[in-house]
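Chemist: Structure in structure tokens, see below.
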Amino acid sequence: MALSQGALNAMEEAHELFSQADLKSAKELLVSTLFEGSQQDDVFDVCCMRAALAVMEGEAPDESLRNIPESSRKNAARSYLDGVSYLARGSLRIARLKFEELLRADKTFGLAYLGLAAIAFSQKLYQESFGCFRRTLEYLGPAAPPLTRVGLAMCAYHLKDNLLAKRFVERALEVNPDDALAKLVLVVLLVEDRQLRKLVETVGDLRRIAPGNTVVVQRVADLAYFKAVSQHAVKERASSLRTLALSVLPNTNVLQTAYAHFQAGRVSSAAGDLQDAKKLLTEATQAAPELVAASIHLCKVLIQLGEHSEALSTLKSLDAKYAPERETLEMLLVLESEDGHHEIAMDYARRLASLAPNESSTWRLSAWAHRLDTAGALKLLQQCKTSFDKAGVAVPWQLRADIAAVNPDAAIADLEGLVKERVDASDGENPAVAALMFNVALKYERVDVDRAMRWYTDIVRQFPALAEPYFRLHHLCTEKKWHGQALKWMALLQQARPTDTLHTVYTANTLDKLGRQSTAVSLLTNAANKTKSIHLAIALGSMYLWSAQQSSRKALRYLNFAKNRFEYALGKDPANLLGAHGLASCTGALSLANEAQLALERIRELQPNDPYVVDNVQSHIANVLVTCDSFRAARASLEPLRNKSPGQYSALAFCYVGTNEFHKAIRVLEAGLEVYPNYPSLVYNGALVYCAGVMHELLPQNCTFLTEEAANVLRGWMASGLRLAHTFNQTKPPSWFEAGAAAQQFVCHVARYTYHLKDRMYSLQKAGTGEKLRSVRDAEGWKRKFQERNEELEEAKRLAEEKRQDAELQLAETYAALQERQLHIAQPNPYAAAQGADMVFPTDDFENGKREREDDSNGAATNLDELGMTEALALGGMFMDDPQE
Numbered sequence: 001m002a003l004s005q006g007a008l009n010a011m012e013e014a015h016e017l018f019s020q021a022d023l024k025s026a027k028e029l030l031v032s033t034l035f036e037g038s039q040q041d042d043v044f045d046v047c048c049m050r051a052a053l054a055v056m057e058g059e060a061p062d063e064s065l066r067n068i069p070e071s072s073r074k075n076a077a078r079s080y081l082d083g084v085s086y087l088a089r090g091s092l093r094i095a096r097l098k099f100e101e102l103l104r105a106d107k108t109f110g111l112a113y114l115g116l117a118a119i120a121f122s123q124k125l126y127q128e129s130f131g132c133f134r135r136t137l138e139y140l141g142p143a144a145p146p147l148t149r150v151g152l153a154m155c156a157y158h159l160k161d162n163l164l165a166k167r168f169v170e171r172a173l174e175v176n177p178d179d180a181l182a183k184l185v186l187v188v189l190l191v192e193d194r195q196l197r198k199l200v201e202t203v204g205d206l207r208r209i210a211p212g213n214t215v216v217v218q219r220v221a222d223l224a225y226f227k228a229v230s231q232h233a234v235k236e237r238a239s240s241l242r243t244l245a246l247s248v249l250p251n252t253n254v255l256q257t258a259y260a261h262f263q264a265g266r267v268s269s270a271a272g273d274l275q276d277a278k279k280l281l282t283e284a285t286q287a288a289p290e291l292v293a294a295s296i297h298l299c300k301v302l303i304q305l306g307e308h309s310e311a312l313s314t315l316k317s318l319d320a321k322y323a324p325e326r327e328t329l330e331m332l333l334v335l336e337s338e339d340g341h342h343e344i345a346m347d348y349a350r351r352l353a354s355l356a357p358n359e360s361s362t363w364r365l366s367a368w369a370h371r372l373d374t375a376g377a378l379k380l381l382q383q384c385k386t387s388f389d390k391a392g393v394a395v396p397w398q399l400r401a402d403i404a405a406v407n408p409d410a411a412i413a414d415l416e417g418l419v420k421e422r423v424d425a426s427d428g429e430n431p432a433v434a435a436l437m438f439n440v441a442l443k444y445e446r447v448d449v450d451r452a453m454r455w456y457t458d459i460v461r462q463f464p465a466l467a468e469p470y471f472r473l474h475h476l477c478t479e480k481k482w483h484g485q486a487l488k489w490m491a492l493l494q495q496a497r498p499t500d501t502l503h504t505v506y507t508a509n510t511l512d513k514l515g516r517q518s519t520a521v522s523l524l525t526n527a528a529n530k531t532k533s534i535h536l537a538i539a540l541g542s543m544y545l546w547s548a549q550q551s552s553r554k555a556l557r558y559l560n561f562a563k564n565r566f567e568y569a570l571g572k573d574p575a576n577l578l579g580a581h582g583l584a585s586c587t588g589a590l591s592l593a594n595e596a597q598l599a600l601e602r603i604r605e606l607q608p609n610d611p612y613v614v615d616n617v618q619s620h621i622a623n624v625l626v627t628c629d630s631f632r633a634a635r636a637s638l639e640p641l642r643n644k645s646p647g648q649y650s651a652l653a654f655c656y657v658g659t660n661e662f663h664k665a666i667r668v669l670e671a672g673l674e675v676y677p678n679y680p681s682l683v684y685n686g687a688l689v690y691c692a693g694v695m696h697e698l699l700p701q702n703c704t705f706l707t708e709e710a711a712n713v714l715r716g717w718m719a720s721g722l723r724l725a726h727t728f729n730q731t732k733p734p735s736w737f738e739a740g741a742a743a744q745q746f747v748c749h750v751a752r753y754t755y756h757l758k759d760r761m762y763s764l765q766k767a768g769t770g771e772k773l774r775s776v777r778d779a780e781g782w783k784r785k786f787q788e789r790n791e792e793l794e795e796a797k798r799l800a801e802e803k804r805q806d807a808e809l810q811l812a813e814t815y816a817a818l819q820e821r822q823l824h825i826a827q828p829n830p831y832a833a834a835q836g837a838d839m840v841f842p843t844d845d846f847e848n849g850k851r852e853r854e855d856d857s858n859g860a861a862t863n864l865d866e867l868g869m870t871e872a873l874a875l876g877g878m879f880m881d882d883p884q885e
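The opening residue of the sequence shown carries number 1 in full-length UniProt numbering; numbering runs sequentially from there.
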């Protein structure tokens, strides 16, 4: 039976009140609609609608259904509404049981499938949710709620099938052109596909359908931002874009508020208002930490503000909590690489390559991370080119330019051709063309410096705000000793970029080379007072540190100034390698050994990426260790180096001097002078070490006499030391400070003192000659005594041998006598033979006497055995009766 018109009107009006979030008025209207005599269908539908509204407020549906007579329809409605009630309260397991119980009773109850689809979608089981939405559509057909097709589209979107999602949304809009939810899903799809024109139309429809909807306003704000970005007009429209993004406040929930702050912060960041962007994005991330996009934009702002450590910690937290994001990995790669942690950066590069293997920018960034390894960077870029070739896609010109720039064997003409190609493509004002031209000039530096300078000059004309060509021109002019021209290039850079400070540092360094140290220090000090800059702090600290080495009177004051500047630089950038070296040098010179060691530990944690620092890092560490009297540790850092610099040779020699190993120190300096002949610092240190070696060897506690060989060695050291001292005094150092005159005066004093030691050397050699004669005489005396002792030993040995032979002879004679006596005993008794017939047999007395004699003989034998065999034989012969008697 069809519903009455009154019931239909009441339900439509209640739905309108519900859409305005006025649930109380909607329920009261539905209650007033029920009156005695109402049709059964009217009562059922009105009560079900009222129960649904009650469920949305967290109430049980039974109270609203009590006017409906008991029937299977009522039981099904009660089970469905119970499931919706538990679903609204977040009890997904019980809600699922209710819907499944309903489906066991009636498999064709389509709305139960809709409830199961909602549960699966909230649990991110998109495949299962998609199936339940399809079942709903199968059983309900055209009567299916609009949410069914929109739900199918949302599941397809999450299953990465945007084409299918778009088809479902379009079908939903065919059924109901004013379906706001379907239009919202369509906006999401169009934003992802960057279909801006259609996006504008869809958002306009949304504003017409739901003018006060927060989600719609925020999608409109997204659209306006993307459109401004595509037209390069964010800065001009920043105020209106921020106003639109924040217009939804304060009638929003926490997530919507956070998203509004994110949108406004994103606009401020793109417009260059970094402090406002930081404030808004921080509020967004604090309110909704799961809003990853806001955290990523905040990290970008922090990097631009120079707050690298905070950005790095935030990015690492994002990488640990959430799925890897391309932008997160890119920023982590850049920050770790710039901080000198190249192994960690290369690990991020590998992860980035696996996340986006077909993106040329990914491979180029990975190659940049391998910039210290030219072969590795070239290999990555060529792999990227190979992937484009296999896919049949044209290789981007940026990739071709990178390969040509990195490959040392690539022809310069390849890069020049790319420059012409980009200029012909009307990109003459593009900064990428400037980068190409800069790489061409770098290539020409190796083969034709003048032509390289012409290229740099062309870049300056076309791109006056680009600083790099100015610095290269300054460097090349300095190498050619064109210091005036080098200063002019820095003056031009100051006009082009007045807010930068690096040109001041280069200017001060040039003035320093010209001997105008006070002017250089004054220039840096004035600039540092106006602008807080790490570059200025490092340069000023270096100047003060050098000045402390030149003036003994003001050394302590200058060292404290330098230490303060280096500490400031490290406070701004804890990973600054030059600042760490400077601080270690200052603390070492101030005898603050613990602080110097901490600074050295900071240095060891970093891998420098500047060639000059790479070449001198070990000597810097060794210098600080030497100032802390850690000579063995300093030697351990210097000895493995193959191609040592003059400073490294001097430092290693000083380490050996510190342990009184002058022979090794002299060998090190001789090797250094072979590589760098007449180098001032090596000549100076060589003169001092030779002279110090002579003094050390001639100390009374070390030497009481000299042999001729040792005296010749010391004379050679003295001659070499005096020669090097004379050479140093004839050479004027390039930078003539107070220390230059002091060094020459000191080496002259040392040379004179060493020369006056020749008399002591002669006396010690003379003493050595006398000692040698005494040693010879003593040796001859000992030789005679040794011979006499040998003769005595030989005589004693001879007498012992004679005595032994006499004993053996006597023993042999005794043995022969014994043998002869035994032969006599063995012969027969002739007397007994003659008396054989008259022989008398032994009697008992005779036997008893015989036994006694045997007993006595046994005892005697035992005693004889104790005396020894030789004595027994002698005694036996002595007491044996002679049968002839």
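Each residue gets a CB set at the ideal place from its N, CA and C atoms; glycine is no exception.
1) Along the alpha helix (DSSP H) that carries Tyr676, what are the first and last residues, could you check?
2) Excluding sequence positions up to five away, which residues of its chain have a Cβ less than 6 Å from the Cβ of Gln304?
3) Which of the three DSSP states is assigned to Leu249 in this structure?
4) At the level of alpha carbons, what is the spacing between Met490 and Phe471?
5) If you follow the alpha helix (DSSP H) that Tyr225 is in, where does it begin and where does it stop?
6) How about Thr136 and Gly115: do their beta carbons lie closer than 7 Å?
7) What's the gap between the Cα of Val440 and the Cα of Ala413?
8) Would the beta-carbon of Glu100 be found less than 6 Å away from any heavy atom of the ligand GTP?
9) For Ala599 and Leu583, what's the separation of their Cα atoms in angstroms?
10) Determine the extent of the alpha helix (DSSP H) in which Asn729 is found, giving its start and end residues.
11) Using the Cβ count rule (16 or more neighbours within 10 Å means buried), how would you classify Tyr348?
12) Span of the alpha helix (DSSP H) holding Gly571?
13) Buried or exposed for Ala105, please, with buried defined as at least 16 other CB atoms from any protein chain shown within 10 angstroms of its CB.
14) So Tyr690 is in the alpha helix (DSSP H); what residue range does that whole segment cover?
15) Give the single residue among Thr499, Ala548, Leu511, Ser542 whose Cα lies nearest to the Cα of Ala527.
16) Going by the beta-carbon positions, is the gap between Val187 and Ala172 smaller than 7 Å?
17) Skipping 5 residues on each side, what residues in its chain have a beta carbon closer than 6 Å to that of Glu479?
18) Could you name the residues of the same chain whose beta carbon sits closer than 6 Å to that of residue 888, not counting the 5 residues immediately before and after it, in chain order?
19) Whether or not the segment 276-296 and the segment 316-329 are in contact is what I'm after, with contact meaning three or more pairs of Cβ atoms, one per stretch, closer than 8 Å; do they touch?
20) Note down, in chain order, each residue of its chain lying with its Cβ closer than 6 Å to the Cβ of Thr504, except the 5 sequence neighbours on either side.
21) Which same chain residues, not among the five before or five after Val292, have their C-beta less than 7 Å away from its C-beta?
22) So, at 6 Å on beta carbons, what are the nonlocal neighbours of Thr214 in its own chain, with the 5 sequence-adjacent residues on each side left out?
23) Taking Tyr753 as the reference, which of Leu688, Gln730, Glu639, Gly515 has the closest Cα?
24) What does a CB cutoff of less than 8 Å around Gly859 pick up in its chain, not counting 5 residues either side in sequence?
25) What is the DSSP secondary structure of Trp368, reduced to helix, strand or coil?
26) Let me know the alpha helix (DSSP H) ranges lying completely inside the segment 372-407, each 4 residues or longer, listed in chain order.
27) Once you ignore the five residues that flank Asp179 on each side, which residues in its own chain have a CB closer than 8 Å to its CB?
28) On a CA-only basis, which of Leu81, Asp402, Lys183 is nearest Glu101? Give me that one, please.
29) Identify which residue in Thr531, Glu138, Cys155, Thr108 has its Cα closest to the Cα of Tyr126.
30) DSSP on Lys124, reduced to helix/strand/coil?
31) Can you tell me the Cα-Cα spacing of Ala665 and Ala345, whole angstroms?
32) Have a look at Pro250 and Ala120 and give me their C-alpha separation to the nearest angstrom.
33) Run through DSSP, which three-state label would Gln275 get?
34) In chain order, which continuous runs of the alpha helix (DSSP H) of length 4 or greater are located wholly inside the segment 431-493?
35) Could you give the C-beta distance for Glu351 and Leu329, rounded to a whole number, given that I count them as a contact under 8 Å?
Modeler: Taking the coordinates as given:
1) Residue 676 sits at position 676 when you count from the first residue of the sequence shown. It is not in any alpha helix (DSSP H) - Tyr676 carries neither H nor E in the DSSP assignment.
2) By one-based count along the sequence shown, residue 304 stands at place 304. Closer than 6 Å at Cβ, skipping near neighbours: Leu274.
3) Locating residue 249 in the sequence shown gives position 249, counting from the first residue. The answer is coil: DSSP assigns Leu249 none of H, G, I, E or B.
4) One-based indexing of the sequence shown puts residue 490 at position 490. One-based indexing of the sequence shown puts residue 471 at position 471. If I take the Cα positions, the gap works out to 8 Å.
5) Locating residue 225 in the sequence shown gives position 225, where the first residue counts as 1. 214-230 is the extent of the alpha helix (DSSP H) around Tyr225.
6) On the sequence shown, position 136 is the one that residue 136 refers to. On the sequence shown, position 115 is the one that residue 115 refers to. Taking 7 Å as the Cβ cut-off, Thr136 and Gly115 do not qualify as a contacting pair.
7) Taking the sequence shown and counting its residues from 1, the one referred to as residue 440 is at position 440. Taking the sequence shown and counting its residues from 1, the one referred to as residue 413 is at position 413. Looking at the two C-alpha atoms, the distance is approximately 9 Å.
8) As for the ligand GTP, it is missing from this structure, which has no ligand bound.
9) Residue mapping note: residue 599 aligns to position 599 of the sequence shown, counting from 1. Residue mapping note: residue 583 aligns to position 583 of the sequence shown, counting from 1. Each residue's Cα considered, the two are about 7 Å apart.
10) Position 729 of the sequence shown, counted from the first residue, corresponds to residue 729. Run containing Asn729: 708-730, per the alpha helix (DSSP H) assignment.
11) On the sequence shown, residue 348 is found 348 positions in, with the first residue counted as 1. That one is buried.
12) Locating residue 571 in the sequence shown gives position 571, counting from the first residue. Unbroken alpha helix (DSSP H) run through Gly571: 555-572.
13) Here residue 105 refers to the residue found at position 105 of the sequence shown. By the 10 Å Cβ count, Ala105 comes out exposed.
14) Residue numbering aside, residue 690 sits at position 690 when the sequence shown is read from its first letter. From DSSP, the alpha helix (DSSP H) with Tyr690 extends over 680-697.
15) To locate residue 527, count along the sequence shown from 1; it is residue 527. The candidate whose alpha carbon is nearest that of Ala527 is Thr499.
16) Here residue 187 refers to the residue found at position 187 when the sequence shown is read from its first residue. Here residue 172 refers to the residue found at position 172 when the sequence shown is read from its first residue. No, the Cβ-Cβ distance between Val187 and Ala172 is not below 7 Å.
17) One-based indexing of the sequence shown puts residue 479 at position 479. None.
18) Past the boundaries of the shown model lies residue 888; the chain is included only from 1 to 885, so the question cannot be answered.
19) yes
20) Here residue 504 refers to the residue found at position 504 when the sequence shown is read from its first residue. So the list reads Ala527, once near-sequence residues are dropped.
21) Counting from one through the sequence shown, the residue named residue 292 turns up at place 292. The residues are Leu318, Tyr322, Glu325.
22) In the sequence shown, counting from the first residue as 1, residue 214 sits at position 214. Sequence-distant partners of Thr214 (beyond 5 residues in either direction) whose C-beta falls short of 6 Å from its own C-beta, in its chain, are Val248, Thr252, Gln256.
23) By 1-based counting over the sequence shown, the position of residue 753 is 753. The shortest Cα separation from Tyr753 among Leu688, Gln730, Glu639, Gly515 belongs to Leu688.
24) Sequence index remark: in the sequence shown, residue 859 carries index 859 (1-based). Residue placement at Gly859 is poorly supported in this model, since its pLDDT is 47, which falls under 50; the coordinates still yield a value, given next. Within the same chain, Gly859 has no close Cβ partners at all.
25) The count along the sequence shown starts at 1 and reaches residue 368 at position 368. DSSP places Trp368 within a helical segment (H, G or I) once states are collapsed to three.
26) Runs of the alpha helix (DSSP H) inside the segment 372-407: 374-391, 397-406.
27) Reading the sequence shown from its first residue, position 179 is the one you call residue 179. Here the set comprises Pro146, Val150, Ala172, Leu173.
28) As a first step, residue 101 must be located in the sequence shown, where it is residue number 101. Comparing Cα positions, the closest option is Leu81.
29) Residue mapping note: residue 126 aligns to position 126 of the sequence shown, counting from 1. Answer by Cα proximity: Cys155.
30) Locating residue 124 in the sequence shown gives position 124, where the first residue counts as 1. Coil, per DSSP.
31) Within the sequence shown, residue 665 is the residue found at index 665, counting from 1. Within the sequence shown, residue 345 is the residue found at index 345, counting from 1. Straight-line Cα distance between these residues: approximately 41 Å.
32) Numbered from its first residue, the sequence shown carries residue 250 at position 250. Numbered from its first residue, the sequence shown carries residue 120 at position 120. Using only the alpha carbons, I get a separation of about 32 Å.
33) Translated into the one-based positions of the sequence shown, residue 275 becomes position 275. Here Gln275 sits in helix by DSSP.
34) Here the runs fully enclosed are 431-445, 449-462, 468-479.
35) Counting from one through the sequence shown, the residue named residue 351 turns up at place 351. Counting from one through the sequence shown, the residue named residue 329 turns up at place 329. What sits at residue 351 in the sequence shown is Arg, not Glu. The Cβ separation is near 6 Å, so the contact holds.
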